[in-house]
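Enquirer: Encoded as structure tokens, here's the structure I'll be asking about.
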Amino acid sequence: AQSVSQHNHHVILSEAASLELGCNYSYGGTVNLFWYVQYPGQHLQLLLKYFSGDPLVKGIKGFEAEFIKSKFSFNLRKPSVQWSDTAEYFCAVTTGGSYIPTFGRGTSLIVHP
Amino acid sequence: DTAVSQTPKYLVTQMGNDKSIKCEQNLGHDTMYWYKQDSKKFLKIMFSYNNKELIINETVPNRFSPKSPDKAHLNLHINSLELGDSAVYFCASSPSMYSNQPQHFGDGTRLSIL
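Going down the list, the sequences are from chains A and B.
In this text, residue positions in the first sequence follow the working numbering: the first is 1, and each later residue adds one.
In this text, residue positions in the second sequence follow the working numbering: the first is 114, and each later residue adds one.
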């Protein structure tokens, strides 16, 4: 079965700092990758997804993620964070055999104004 | 309009009690899910229903019984609550379990067992 690792459990940044959140998965076949965000008191919502094609994926609110197959990674980036980016970020993967996603444990991002 | 709504948002109860959490989606999706998010924030699938039929039942104690009266609703009933059941429970839906479309989540139900 596939698994997803998010190594950064808690990240604290100041506004305008650059962000990179790590996500690694363990599955050797075809994967589909997602980043979800959960703002305080709200539900999880999709930030971006990768199915195929250009490995650099643009999402909402200036986020992007890069799929590096050789590293089994799908790191999330943003060049300049804002206070409103404070949230939990979840990486998820589905594989060819199942469309039920496996989630990482999440990364808590706090951005200080 | 809330796409996936769950009630209640908070549930505080004592060990041994029986409680239910309701979930409804107005997106016309075929597939619904229940996830448990523990204190370490792990999101783990519990159940998945496709058009009212149970598809996935992970290793969840049989004290947990999902019920889907129609494809827009997936309720979760829990018998004989235990301390370890304290968690946030998320309902989600997706257009189909046979497609890779992302899931839509409810706001979660925070269950606390005293």
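C-beta atoms are modelled at their ideal positions from N, C-alpha and C, and glycine is treated no differently.
Is the distance from the Cβ of A:L44 to the Cβ of B:F218 below 7 Å?
Expert: In contact: A:L44 and B:F218 (Cβ atoms closer than 7 Å).
Enquirer: Going by DSSP, what residues sit across from B:F203 in a beta bridge?
Expert: Note: B:F203 sits in a beta bridge opposite B:Y148.
Enquirer: Run down chain A in chain order and give the residues with a C-beta less than 7 Å from the C-beta of B:D143.
Expert: By Cβ distance, chain A contributes nothing, its closest Cβ being about 12 Å from B:D143, past 7 Å.
Enquirer: Ignore the nearest five residues each way along the sequence and tell me which others in A:N32's own chain have a CB closer than 6 Å to its CB.
Expert: Taken in chain order, the residues that qualify are F51 and T94.
Enquirer: Taking the CB atoms as reference points, tell me whether B:I134 and B:Y202 lie closer together than 7 Å.
Expert: Against a cut-off of 7 Å, the Cβ pair of B:Y202 and B:I134 comes out as a contact.
Enquirer: I want to see whether chain A comes within less than 7 Å of B:G219, judged by CB atoms only; does it?
Expert: Yes - at least one Cβ of chain A is within 7 Å of the one on B:G219.
Enquirer: As a quick exercise: from B:Q119, B:N192 and B:G129, pick the residue whose alpha carbon is nearest that of B:N139.
Expert: Ranking B:Q119, B:N192 and B:G129 by Cα distance to B:N139 puts B:Q119 first.
Enquirer: Quick check: what's the CA-CA separation for B:Y264 versus B:N163?
Expert: Nothing can be reported for residue 264 of chain B, as the shown portion of chain B is limited to 114 through 227.
Enquirer: Starting from the beta carbon of A:K49, find every residue of chain B whose beta carbon is closer than 7 Å, and list them in chain order.
Expert: The answer, in chain order, is P215.
Enquirer: I'd like to confirm the pairing. Which residues does DSSP put opposite A:E20 in its beta bridges?
Expert: Answer by DSSP bridge pairing, in chain order: A:R77.
Enquirer: If you follow the beta strand (DSSP E) that A:N119 is in, where does it begin and where does it stop?
Expert: Any question about residue 119 of chain A goes unanswered here, given that chain A covers just 1 to 113.
Enquirer: If the cut-off is 9 Å on Cβ atoms, which residues from the segment 16–42 of chain A count as contacting chain B, listed in chain order?
Expert: Under the 9 Å Cβ criterion, the segment 16–42 of chain A contributes N32, F34, Y36, Q38, G41 and Q42.
Enquirer: Buried or exposed: which applies to A:A16, given that a residue is buried once 16 or more other Cβ atoms fall within 10 Å of its Cβ?
Expert: Classification for A:A16: exposed.
Enquirer: Find the nearest neighbour of A:P113 within the set A:S84, A:Q38 and A:E64, judged by alpha-carbon distance.
Expert: The option with the nearest alpha carbon to A:P113 is A:S84.
Enquirer: Please classify B:D220: is it buried, with 16 or more other beta-carbons within 10 angstroms of its beta-carbon, or exposed?
Expert: Buried, because 16 or more other Cβ atoms sit within 10 Å of the Cβ of B:D220.
Enquirer: Taking all protein chains shown into account, do 16 or more other C-beta atoms lie within 10 angstroms of the C-beta of A:H7, making it buried, or fewer, making it exposed?
Expert: That one is exposed.
Enquirer: Between A:C91, A:V81 and A:A92, which has its C-alpha nearest A:I12's C-alpha?
Expert: When each option's Cα is compared against that of A:I12, the closest is A:V81.
Enquirer: Quick one: what does DSSP say A:S14 is sitting in, helix, strand or coil?
Expert: Reduced to three states, the DSSP call for A:S14 is strand.
Enquirer: Are A:L19 and A:W35 close, meaning C-beta to C-beta below 7 Å?
Expert: For A:L19 and A:W35, no; Cβs fall outside 7 Å.
Enquirer: Examine chain B for any beta-carbon lying closer than 7 Å to the beta-carbon of A:F103, and answer yes or no.
Expert: Yes, because at least one Cβ of chain B sits closer than 7 Å to the Cβ of A:F103.
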